[in-house]
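Take a look at the structure below.
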Amino acid sequence: MPDSVAALSTDDKLRMEQILLILRQDYDEHTVHQLMRKICYETISGEIRKKGMEFLYMNGYYDDLQQLIIRNKSSESLSIRNWADVYQLMLDRKQRRYPENEILTRADTFQTEEPELECLLEFIKTSIYFKRCEYGRLGNIMEKQQYLFGKIDDGFLLEFFRSRSYHYSFIYYLARNEVIIARKYAFRVLMQTANPETKISLHMALGLSYIFDTYFQAMYHFKEALKIAQKENQDKIVEIIEQNNIPFISAHFNKVEGVTSTDKSEQAHLEIAKGNYAGAEAILSEIEINTPFRLYYLGLAKKDKTILLQSYNQFIEKRSDYFFSRLPLNALQKMNS
147 MPDSVAALST DDKLRMEQIL LILRQDYDEH TVHQLMRKIC YETISGEIRK
197 KGMEFLYMNG YYDDLQQLII RNKSSESLSI RNWADVYQLM LDRKQRRYPE
247 NEILTRADTF QTEEPELECL LEFIKTSIYF KRCEYGRLGN IMEKQQYLFG
297 KIDDGFLLEF FRSRSYHYSF IYYLARNEVI IARKYAFRVL MQTANPETKI
347 SLHMALGLSY IFDTYFQAMY HFKEALKIAQ KENQDKIVEI IEQNNIPFIS
397 AHFNKVEGVT STDKSEQAHL EIAKGNYAGA EAILSEIEIN TPFRLYYLGL
447 AKKDKTILLQ SYNQFIEKRS DYFFSRLPLN ALQKMNS
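Read in order, the letters of the sequence shown are residues 147 to 483 in the working numbering.
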(Lines of atoms letter the chains of each structure in order from A; the text may use other names.)
(Lines give C-alpha, C1' and ligand atoms only; values in the text may rest on other atoms or scores of the structure.)
Protein backbone atom coordinates (compact mmCIF):
# COMPACT_ATOMS: atom_id res chain seq x y z
CA MET A 147 0.00 0.00 0.00
CA PRO A 148 1.14 3.60 -0.57
CA ASP A 149 2.48 5.19 2.64
CA SER A 150 -0.42 7.64 2.74
CA VAL A 151 -2.89 4.74 2.65
CA ALA A 152 -0.91 2.59 5.10
CA ALA A 153 -1.09 5.50 7.53
CA LEU A 154 -4.86 5.04 7.66
CA SER A 155 -4.28 1.68 9.37
CA THR A 156 -2.46 3.35 12.25
CA ASP A 157 -5.06 6.05 12.88
CA ASP A 158 -7.47 4.86 15.55
CA LYS A 159 -9.55 8.04 15.41
CA LEU A 160 -10.93 7.63 11.88
CA ARG A 161 -14.28 5.95 11.36
CA MET A 162 -14.88 3.35 8.64
CA GLU A 163 -16.92 5.69 6.47
CA GLN A 164 -14.26 8.41 6.76
CA ILE A 165 -11.57 6.03 5.49
CA LEU A 166 -13.79 5.02 2.56
CA LEU A 167 -14.42 8.68 1.75
CA ILE A 168 -10.67 9.45 1.79
CA LEU A 169 -9.88 6.48 -0.48
CA ARG A 170 -12.68 7.28 -2.94
CA GLN A 171 -11.18 10.72 -3.53
CA ASP A 172 -8.08 9.14 -5.12
CA TYR A 173 -9.05 5.65 -6.30
CA ASP A 174 -11.71 3.85 -8.32
CA GLU A 175 -14.17 1.59 -6.46
CA HIS A 176 -12.35 -1.66 -7.28
CA THR A 177 -9.05 -0.29 -5.91
CA VAL A 178 -10.86 1.10 -2.86
CA HIS A 179 -12.11 -2.39 -2.08
CA GLN A 180 -8.68 -3.96 -2.46
CA LEU A 181 -7.14 -1.35 -0.13
CA MET A 182 -9.95 -1.74 2.39
CA ARG A 183 -9.35 -5.50 2.53
CA LYS A 184 -5.83 -4.78 3.82
CA ILE A 185 -6.81 -1.91 6.10
CA CYS A 186 -9.53 -4.02 7.79
CA TYR A 187 -6.89 -6.56 8.82
CA GLU A 188 -3.97 -4.23 9.62
CA THR A 189 -5.84 -1.47 11.46
CA ILE A 190 -5.13 -0.75 15.12
CA SER A 191 -8.67 0.61 15.54
CA GLY A 192 -10.94 -1.73 17.48
CA GLU A 193 -14.04 -0.23 15.86
CA ILE A 194 -12.71 -0.82 12.35
CA ARG A 195 -11.62 -4.35 13.25
CA LYS A 196 -15.27 -5.01 14.18
CA LYS A 197 -16.95 -3.15 11.32
CA GLY A 198 -14.34 -4.42 8.89
CA MET A 199 -15.83 -7.90 9.31
CA GLU A 200 -19.17 -6.60 8.04
CA PHE A 201 -17.46 -4.93 5.08
CA LEU A 202 -15.66 -8.16 4.16
CA TYR A 203 -18.75 -10.33 4.65
CA MET A 204 -21.09 -8.14 2.63
CA ASN A 205 -18.64 -7.83 -0.24
CA GLY A 206 -17.97 -11.56 -0.41
CA TYR A 207 -14.33 -11.52 0.81
CA TYR A 208 -14.79 -14.64 2.91
CA ASP A 209 -11.15 -15.75 3.06
CA ASP A 210 -10.14 -12.27 4.27
CA LEU A 211 -12.98 -12.37 6.78
CA GLN A 212 -11.76 -15.67 8.21
CA GLN A 213 -8.28 -14.22 8.72
CA LEU A 214 -9.68 -11.14 10.46
CA ILE A 215 -11.92 -13.32 12.67
CA ILE A 216 -8.86 -15.30 13.78
CA ARG A 217 -7.02 -12.08 14.61
CA ASN A 218 -10.02 -10.64 16.46
CA LYS A 219 -10.54 -13.79 18.55
CA SER A 220 -7.19 -13.12 20.23
CA SER A 221 -8.09 -9.52 21.11
CA GLU A 222 -7.99 -8.34 24.73
CA SER A 223 -11.37 -6.71 24.15
CA LEU A 224 -14.37 -8.88 25.06
CA SER A 225 -16.53 -6.94 22.59
CA ILE A 226 -14.16 -7.62 19.69
CA ARG A 227 -14.00 -11.31 20.63
CA ASN A 228 -17.81 -11.46 20.74
CA TRP A 229 -18.06 -9.85 17.32
CA ALA A 230 -15.52 -12.37 16.01
CA ASP A 231 -17.59 -15.24 17.43
CA VAL A 232 -20.78 -13.99 15.76
CA TYR A 233 -19.10 -13.52 12.37
CA GLN A 234 -17.55 -16.98 12.73
CA LEU A 235 -21.08 -18.32 13.22
CA MET A 236 -22.23 -16.44 10.12
CA LEU A 237 -19.35 -17.82 8.10
CA ASP A 238 -19.97 -21.33 9.43
CA ARG A 239 -23.58 -21.06 8.24
CA LYS A 240 -22.59 -19.62 4.89
CA GLN A 241 -20.07 -22.41 4.26
CA ARG A 242 -22.30 -25.11 5.77
CA ARG A 243 -19.72 -26.31 8.30
CA TYR A 244 -22.35 -27.44 10.81
CA PRO A 245 -25.99 -28.62 10.68
CA GLU A 246 -28.53 -25.80 10.51
CA ASN A 247 -30.15 -26.79 13.81
CA GLU A 248 -26.79 -26.49 15.56
CA ILE A 249 -26.25 -23.01 14.06
CA LEU A 250 -29.76 -21.99 15.18
CA THR A 251 -29.12 -23.23 18.72
CA ARG A 252 -25.84 -21.34 18.95
CA ALA A 253 -27.51 -18.16 17.63
CA ASP A 254 -30.39 -18.52 20.11
CA THR A 255 -28.11 -19.06 23.12
CA PHE A 256 -25.48 -16.43 22.32
CA GLN A 257 -25.42 -13.85 25.13
CA THR A 258 -24.97 -10.20 24.17
CA GLU A 259 -26.43 -6.80 24.96
CA GLU A 260 -24.96 -5.13 21.88
CA PRO A 261 -27.82 -4.34 19.46
CA GLU A 262 -25.48 -4.74 16.47
CA LEU A 263 -24.73 -8.33 17.47
CA GLU A 264 -28.39 -9.00 18.28
CA CYS A 265 -29.17 -7.85 14.74
CA LEU A 266 -26.53 -10.12 13.22
CA LEU A 267 -27.82 -13.11 15.18
CA GLU A 268 -31.33 -12.44 13.85
CA PHE A 269 -29.88 -12.32 10.32
CA ILE A 270 -28.35 -15.76 10.89
CA LYS A 271 -31.75 -17.15 11.88
CA THR A 272 -33.42 -15.41 8.94
CA SER A 273 -30.93 -16.97 6.51
CA ILE A 274 -31.72 -20.45 7.77
CA TYR A 275 -35.51 -19.97 7.71
CA PHE A 276 -35.22 -18.49 4.23
CA LYS A 277 -33.22 -21.49 3.02
CA ARG A 278 -35.82 -23.83 4.52
CA CYS A 279 -38.61 -21.87 2.81
CA GLU A 280 -40.18 -21.23 6.24
CA TYR A 281 -41.42 -17.83 5.13
CA GLY A 282 -44.08 -17.64 7.82
CA ARG A 283 -41.35 -17.14 10.46
CA LEU A 284 -39.77 -14.19 8.69
CA GLY A 285 -42.38 -11.56 9.53
CA ASN A 286 -41.73 -11.57 13.29
CA ILE A 287 -37.94 -11.58 12.83
CA MET A 288 -38.08 -8.65 10.39
CA GLU A 289 -40.19 -6.70 12.87
CA LYS A 290 -37.64 -7.38 15.62
CA GLN A 291 -34.81 -6.25 13.33
CA GLN A 292 -36.52 -2.92 12.66
CA TYR A 293 -36.73 -2.41 16.44
CA LEU A 294 -33.01 -3.20 16.80
CA PHE A 295 -32.13 -0.84 13.92
CA GLY A 296 -33.54 1.97 16.05
CA LYS A 297 -30.93 1.22 18.73
CA ILE A 298 -27.98 1.46 16.31
CA ASP A 299 -26.57 4.90 15.54
CA ASP A 300 -23.73 3.83 13.24
CA GLY A 301 -24.58 4.88 9.68
CA PHE A 302 -22.00 2.57 8.08
CA LEU A 303 -23.39 -0.55 9.73
CA LEU A 304 -27.00 0.49 9.23
CA GLU A 305 -26.45 0.83 5.49
CA PHE A 306 -25.23 -2.75 5.27
CA PHE A 307 -27.87 -4.04 7.69
CA ARG A 308 -30.66 -2.37 5.71
CA SER A 309 -29.29 -3.90 2.52
CA ARG A 310 -29.57 -7.34 4.12
CA SER A 311 -33.03 -6.52 5.40
CA TYR A 312 -34.14 -5.41 1.92
CA HIS A 313 -32.91 -8.71 0.47
CA TYR A 314 -34.99 -10.71 2.93
CA SER A 315 -37.93 -8.33 2.52
CA PHE A 316 -37.88 -9.10 -1.19
CA ILE A 317 -38.23 -12.85 -0.53
CA TYR A 318 -40.80 -12.31 2.21
CA TYR A 319 -43.07 -10.06 0.15
CA LEU A 320 -42.71 -12.27 -2.91
CA ALA A 321 -43.85 -15.28 -0.86
CA ARG A 322 -46.81 -13.17 0.31
CA ASN A 323 -47.59 -12.50 -3.38
CA GLU A 324 -46.98 -8.76 -2.97
CA VAL A 325 -44.81 -8.75 -6.09
CA ILE A 326 -44.48 -5.01 -6.78
CA ILE A 327 -43.35 -4.28 -3.22
CA ALA A 328 -40.98 -7.26 -3.37
CA ARG A 329 -39.27 -6.08 -6.56
CA LYS A 330 -38.73 -2.59 -5.14
CA TYR A 331 -36.64 -4.10 -2.34
CA ALA A 332 -34.71 -6.26 -4.81
CA PHE A 333 -33.80 -3.35 -7.07
CA ARG A 334 -32.67 -1.30 -4.05
CA VAL A 335 -30.18 -4.00 -3.11
CA LEU A 336 -28.96 -4.38 -6.70
CA MET A 337 -28.19 -0.66 -6.74
CA GLN A 338 -26.28 -0.86 -3.44
CA THR A 339 -24.33 -4.10 -3.49
CA ALA A 340 -20.98 -4.91 -5.06
CA ASN A 341 -21.16 -8.55 -3.95
CA PRO A 342 -21.47 -10.80 -7.05
CA GLU A 343 -23.05 -13.58 -4.97
CA THR A 344 -25.83 -11.23 -3.85
CA LYS A 345 -26.38 -9.99 -7.41
CA ILE A 346 -26.65 -13.55 -8.73
CA SER A 347 -29.13 -14.52 -6.01
CA LEU A 348 -31.30 -11.45 -6.64
CA HIS A 349 -31.35 -11.84 -10.42
CA MET A 350 -32.32 -15.51 -10.06
CA ALA A 351 -35.17 -14.66 -7.70
CA LEU A 352 -36.26 -11.68 -9.82
CA GLY A 353 -36.39 -13.97 -12.84
CA LEU A 354 -38.78 -16.26 -11.00
CA SER A 355 -40.86 -13.27 -9.91
CA TYR A 356 -41.88 -12.72 -13.55
CA ILE A 357 -43.42 -16.19 -14.12
CA PHE A 358 -46.91 -14.67 -14.09
CA ASP A 359 -45.85 -11.72 -16.28
CA THR A 360 -43.56 -12.18 -19.27
CA TYR A 361 -41.02 -14.73 -20.49
CA PHE A 362 -38.65 -12.02 -21.70
CA GLN A 363 -38.38 -10.20 -18.36
CA ALA A 364 -37.79 -13.50 -16.58
CA MET A 365 -35.11 -14.56 -19.07
CA TYR A 366 -33.39 -11.17 -18.83
CA HIS A 367 -32.72 -11.72 -15.12
CA PHE A 368 -31.67 -15.35 -15.55
CA LYS A 369 -29.19 -14.30 -18.24
CA GLU A 370 -27.82 -11.56 -16.00
CA ALA A 371 -27.37 -14.07 -13.18
CA LEU A 372 -25.74 -16.53 -15.59
CA LYS A 373 -23.34 -13.91 -16.90
CA ILE A 374 -22.13 -12.98 -13.39
CA ALA A 375 -21.94 -16.62 -12.27
CA GLN A 376 -19.82 -17.56 -15.28
CA LYS A 377 -17.52 -14.59 -14.69
CA GLU A 378 -17.09 -15.61 -11.03
CA ASN A 379 -16.57 -19.31 -11.93
CA GLN A 380 -19.59 -20.30 -9.84
CA ASP A 381 -20.04 -23.62 -11.63
CA LYS A 382 -22.77 -24.97 -9.32
CA ILE A 383 -24.85 -21.82 -9.77
CA VAL A 384 -24.32 -21.91 -13.54
CA GLU A 385 -25.66 -25.47 -13.52
CA ILE A 386 -28.74 -24.49 -11.48
CA ILE A 387 -29.56 -21.62 -13.86
CA GLU A 388 -28.99 -23.68 -17.01
CA GLN A 389 -30.57 -26.94 -15.84
CA ASN A 390 -33.33 -25.68 -13.53
CA ASN A 391 -34.25 -22.01 -13.88
CA ILE A 392 -34.13 -21.63 -17.67
CA PRO A 393 -35.90 -24.96 -18.38
CA PHE A 394 -38.53 -24.08 -15.75
CA ILE A 395 -39.37 -20.72 -17.27
CA SER A 396 -39.18 -22.11 -20.83
CA ALA A 397 -41.64 -24.91 -20.01
CA HIS A 398 -43.92 -22.54 -18.12
CA PHE A 399 -44.20 -20.22 -21.15
CA ASN A 400 -44.21 -23.08 -23.70
CA LYS A 401 -40.95 -21.94 -25.30
CA VAL A 402 -39.22 -25.30 -25.23
CA GLU A 403 -37.55 -25.59 -28.63
CA GLY A 404 -33.93 -26.61 -28.12
CA VAL A 405 -34.27 -26.51 -24.32
CA THR A 406 -33.05 -29.52 -22.31
CA SER A 407 -32.34 -30.30 -18.66
CA THR A 408 -30.41 -32.87 -16.65
CA ASP A 409 -32.94 -32.45 -13.81
CA LYS A 410 -35.71 -35.08 -13.86
CA SER A 411 -38.34 -32.65 -12.55
CA GLU A 412 -37.65 -30.15 -15.30
CA GLN A 413 -37.41 -32.91 -17.92
CA ALA A 414 -40.98 -33.82 -16.95
CA HIS A 415 -42.02 -30.15 -16.99
CA LEU A 416 -40.64 -29.78 -20.53
CA GLU A 417 -42.54 -32.89 -21.68
CA ILE A 418 -45.74 -31.47 -20.19
CA ALA A 419 -45.20 -28.28 -22.20
CA LYS A 420 -44.82 -30.41 -25.34
CA GLY A 421 -48.06 -32.23 -24.57
CA ASN A 422 -46.29 -35.51 -23.83
CA TYR A 423 -48.15 -36.22 -20.59
CA ALA A 424 -47.42 -39.96 -20.54
CA GLY A 425 -43.70 -39.27 -20.98
CA ALA A 426 -43.77 -36.73 -18.17
CA GLU A 427 -45.56 -39.15 -15.87
CA ALA A 428 -42.98 -41.84 -16.65
CA ILE A 429 -40.11 -39.49 -15.76
CA LEU A 430 -41.79 -38.43 -12.50
CA SER A 431 -42.28 -42.10 -11.54
CA GLU A 432 -38.47 -42.34 -11.30
CA ILE A 433 -38.14 -39.69 -8.58
CA GLU A 434 -39.58 -38.98 -5.15
CA ILE A 435 -42.49 -36.56 -5.21
CA ASN A 436 -41.29 -34.63 -2.17
CA THR A 437 -41.86 -30.97 -3.07
CA PRO A 438 -44.97 -28.95 -3.96
CA PHE A 439 -43.35 -28.24 -7.35
CA ARG A 440 -43.06 -31.95 -8.15
CA LEU A 441 -46.66 -32.47 -7.01
CA TYR A 442 -47.67 -29.66 -9.35
CA TYR A 443 -45.89 -31.35 -12.28
CA LEU A 444 -47.50 -34.69 -11.41
CA GLY A 445 -50.93 -33.06 -11.25
CA LEU A 446 -50.36 -31.50 -14.67
CA ALA A 447 -49.10 -34.77 -16.15
CA LYS A 448 -52.06 -36.75 -14.81
CA LYS A 449 -54.54 -33.88 -15.23
CA ASP A 450 -55.53 -34.67 -11.66
CA LYS A 451 -57.31 -31.95 -9.67
CA THR A 452 -56.74 -33.72 -6.34
CA ILE A 453 -52.97 -33.77 -6.81
CA LEU A 454 -52.96 -30.11 -7.88
CA LEU A 455 -54.95 -29.24 -4.76
CA GLN A 456 -52.39 -31.14 -2.65
CA SER A 457 -49.62 -29.09 -4.30
CA TYR A 458 -51.49 -25.86 -3.56
CA ASN A 459 -51.98 -26.86 0.09
CA GLN A 460 -48.29 -27.76 0.48
CA PHE A 461 -47.20 -24.38 -0.88
CA ILE A 462 -49.46 -22.66 1.66
CA GLU A 463 -49.17 -24.91 4.71
CA LYS A 464 -45.50 -25.96 4.55
CA ARG A 465 -43.94 -22.85 3.05
CA SER A 466 -46.44 -20.00 3.55
CA ASP A 467 -45.73 -19.35 -0.13
CA TYR A 468 -48.70 -17.56 -1.67
CA PHE A 469 -46.75 -16.65 -4.82
CA PHE A 470 -45.84 -20.09 -6.17
CA SER A 471 -49.14 -21.50 -4.88
CA ARG A 472 -50.64 -19.67 -7.86
CA LEU A 473 -49.12 -22.33 -10.16
CA PRO A 474 -51.42 -25.22 -9.13
CA LEU A 475 -54.26 -22.77 -8.46
CA ASN A 476 -54.10 -21.44 -12.03
CA ALA A 477 -53.94 -25.00 -13.39
CA LEU A 478 -57.06 -25.90 -11.36
CA GLN A 479 -58.90 -22.85 -12.66
CA LYS A 480 -58.07 -23.80 -16.26
CA MET A 481 -59.41 -27.32 -15.70
CA ASN A 482 -62.61 -25.92 -14.25
CA SER A 483 -63.18 -23.35 -16.99
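No residue lacks a Cβ here, since even glycine has one placed at the ideal position from N, Cα and C.
| request: Give a yes or no on contact between the region 425-443 and the region 281-301, applying the rule of three or more CB pairs nearer than 8 Å. | output: no
| message | Quick check on residue 356: does DSSP put it in helix, strand or coil? | response | coil
| task | Inspect the CB distances between the region 421-433 and the region 391-406 and report whether three or more fall short of 8 Å. | result | no
| Between the CA atoms of residue 482 and residue 307 - distance to the nearest angstrom | 47 Å
| task | Please go through the same chain and pick out, in chain order, the residues whose beta-carbon is closer than 7 Å to the beta-carbon of residue 207, but skip the five residues on each side of it. | result | 183
| Which residue from 434, 436, 449, 236 puts its Cα closest to that of residue 418? | 449
| field | Helix, strand or coil at residue 209 [DSSP, three-state] | value | helix
| What's the gap between the Cα of residue 454 and the Cα of residue 479? | 11 Å
| field | Local Cβ density within 10 Å of residue 255, reported as buried at 16 or more and exposed below that | value | exposed
| Whole-angstrom Cβ separation of residue 287 and residue 259, contact assumed at under 8 Å? | Between residue 259 and residue 287 the Cβ distance is about 19 Å, and since that is not below 8 Å, they are no contact.
| task | Could you give the DSSP three-state label for residue 220: helix, strand or coil? | result | coil
| If we count the other Cβ atoms within 10 Å of its Cβ and call it buried at 16 or more, is residue 471 buried or exposed? | buried
| message | Just to check my reading of the structure: residue 251 and residue 314 have Cβ atoms closer than 8 Å, yes? What is that Cβ distance to the nearest angstrom? | response | 21 Å between Cβ atoms; not a contact.
| query | residue 437: which of 429, 452, 460, 431 sits nearest, CA to CA? | reply | 460
| How many Å lie between residue 224 and residue 180 at the Cα? | 29 Å
| query | To the nearest angstrom, how far is it from the Cα of residue 340 to the Cα of residue 352? | reply | 17 Å
| task | Determine the extent of the alpha helix (DSSP H) in which residue 296 is found, giving its start and end residues. | result | Counting along the chain, residue 296 falls outside any alpha helix (DSSP H), and DSSP gives it neither H nor E.
| field | Other residues of its chain near residue 368: CB distance less than 8 Å, five sequence neighbours each side excluded | value | 349, 350, 353, 387, 391, 392, 395
| said: Taking the alpha-carbon of residue 398 as reference, which of 378, 462, 365, 169 has the nearest alpha-carbon? | reply: 365
| query | CB-CB under 7 Å to residue 457, same chain, minus the five flanking residues each way: which ones, in chain order? | reply | 438, 441, 442, 445, 474
| query | From residue 430 to residue 477, what does the alpha carbon distance come to, in whole angstroms? | reply | 18 Å
| Collapsed DSSP secondary structure at residue 247 in the structure displayed | helix
| field | At least 3 beta-carbon pairs within less than 8 Å: the region 155-172 vs the region 185-205 | value | yes
| said: Alpha carbons only, please: which of 335, 262, 409 is nearest the one belonging to residue 229? | reply: 262
| Nearest-angstrom beta carbon gap, residue 321 and residue 466 [assumed within contact, 8 Å] | 6 Å
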